[in-house]
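Here the structure is laid out as structure tokens; the discussion comes afterwards.
Chains as they are written, first to last, in our numbering: chain U, 16 to 180; chain Z, 70 to 198.
Next up, the structure:
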């Protein structure tokens with residue numbers, strides 16, 4: 016029961032961060048910091064990959080429902096990015112040779128890559144979209160570092176900074 | 070299962086950092102789009118190119134495929150979306166584009182406005198219409 020309660024709590028945290036981020040100014044209008052990913056990273060390090068996947072998918076589902084874009088193209092962009100990010104982060108985490116910053120950066124880059132793949136091959140079917148890749152790569156690097164640091168300090172704060180070899 | 074502290078950095082990070090450095094170099098060095106195929110922009114609606122717009126001619130285009138119509142403005146060799154009733158209006162906030170490889174995207178309405186790009190062997194072939 017404690018596990019389920021923690022997963023549910025992290026979904027709520029992810030949703031709150033998702034809403035909070037909509038109020039932050041964006042230097043590049045179509046780029047987000049990805050603060051909601053903090054909840055996913057905490058779930059990964061605290062409760063394991065399955066919990067991270069659950070937090071990510073439910074956060075996207077409920078968040079999309081709240082903003083009214085459930086099952087729209089925007090929803091599928093978020094879902095593809097989220098799934099690829101949590102898969103890549105899980106892989107890098109279980110390799111045990113990468114620090115939390117690297118895991119977070121990989122998550123952010125793969126999140127952007129997942130969105131690009133869906134945009135290029137399903138939504139727009141136009142390879143010109145690939146020209147967004149350098150900017151998204153750089154953005155993923157930056158946001159991944161920021162999110163990684165915040166996740167690290169939150170994990171220490173909640174006393175969950177032990178579950179790693 | 071208390072086995073150790075979570076670490077900000079570990080030994081494998083150096084390899085990832087090197088890989089990302091090379092990836093970044095390749096992306097920014099090899100992804101520079103070539104010159105345009107003339108001063109025109111293409112407007113793609115629902116996966117097909119519907120408009121080829123001459124950027125030398127200042128004009129306002131109403132995309133009547135949408136209700137209310139999405140308004141596109143061409144001014145000073147650049148193009149932008151000025152009116153759209155989509156929720157977040159990110160496409161409007163993206164501003165105007167005038168260079169090859171740049172684009173304006175409206176995800177909810179599947180609108181893509183881009184400058185056609187010629188493949189010079191380094192970049193990717195990115196014109197569909």
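By construction, the Cβ of each residue, glycine as well, lies at the ideal position given by its N, Cα and C atoms. In this text, all values refer to a predicted model and were calculated from it rather than measured experimentally.
Cα-Cα separation, residue i to residue j
i             : j             : result
residue 159/Z : residue 179/Z : 13 Å
residue 166/Z : residue 130/U : 22 Å
residue 194/Z : residue 142/U : In this prediction, residue 194/Z has a pLDDT of 41, which is less than 50 and means its spatial position is unreliable; what the coordinates show is noted afterwards. Cα to Cα, the separation comes out at about 7 Å.
residue 173/U : residue 125/U : 27 Å
residue 118/Z : residue 111/Z : 7 Å
residue 151/U : residue 81/U  : 26 Å
residue 36/U  : residue 52/U  : 11 Å
residue 24/Z  : residue 120/Z : Since the first and last residues shown for chain Z are 70 and 198, residue 24/Z lies out of range.
residue 186/Z : residue 175/Z : 20 Å
residue 122/Z : residue 83/U  : 33 Å
residue 59/U  : residue 148/Z : 44 Å
residue 100/U : residue 125/Z : 42 Å
residue 127/U : residue 94/U  : 11 Å
residue 20/U  : residue 113/Z : 46 Å
residue 158/U : residue 96/Z  : 18 Å
residue 156/U : residue 123/U : 7 Å
residue 112/U : residue 80/Z  : 6 Å
Extent of the continuous alpha helix (DSSP H) run through residue i
i             : result
residue 125/U : 115–133
residue 36/U  : 17–37
residue 114/Z : Unbroken run through residue 114/Z is the beta strand (DSSP E), 109–114; no alpha helix (DSSP H).
residue 157/U : 148–172
residue 155/Z : Counting along the chain, residue 155/Z falls outside any alpha helix (DSSP H), and DSSP gives it neither H nor E.
With 16 other Cβ atoms within 10 Å as the buried cut-off, status of residue i
i             : result
residue 108/Z : exposed
residue 82/Z  : buried
residue 25/U  : buried
residue 22/U  : buried
residue 40/U  : exposed
residue 74/U  : buried
residue 54/U  : buried
residue 43/U  : exposed
residue 184/Z : buried
residue 144/U : buried
residue 67/U  : buried
residue 163/Z : buried
residue 28/U  : buried
residue 153/Z : buried
Beta-ladder partner(s) of residue i, from DSSP
i             : result
residue 175/Z : 180/Z
residue 121/Z : 111/Z
residue 68/U  : None; residue 68/U has no bridge partner.
residue 130/Z : 141/Z
residue 166/Z : 148/Z
Run of the beta strand (DSSP E) containing residue i, from where it starts to where it stops
i             : result
residue 148/Z : 147–152
residue 59/U  : Taken as a continuous stretch (DSSP letters only), residue 59/U belongs to no beta strand (DSSP E), being part of the alpha helix (DSSP H) at 52–62.
Alpha helix (DSSP H) segments (min. 4 residues) lying fully within the region 85–119 of chain U: 88–109
- request: Tell me the start and end of each unbroken alpha helix (DSSP H) in the region 71–99 of chain Z that is at least 4 residues and wholly inside, in chain order.
  value: 82–99
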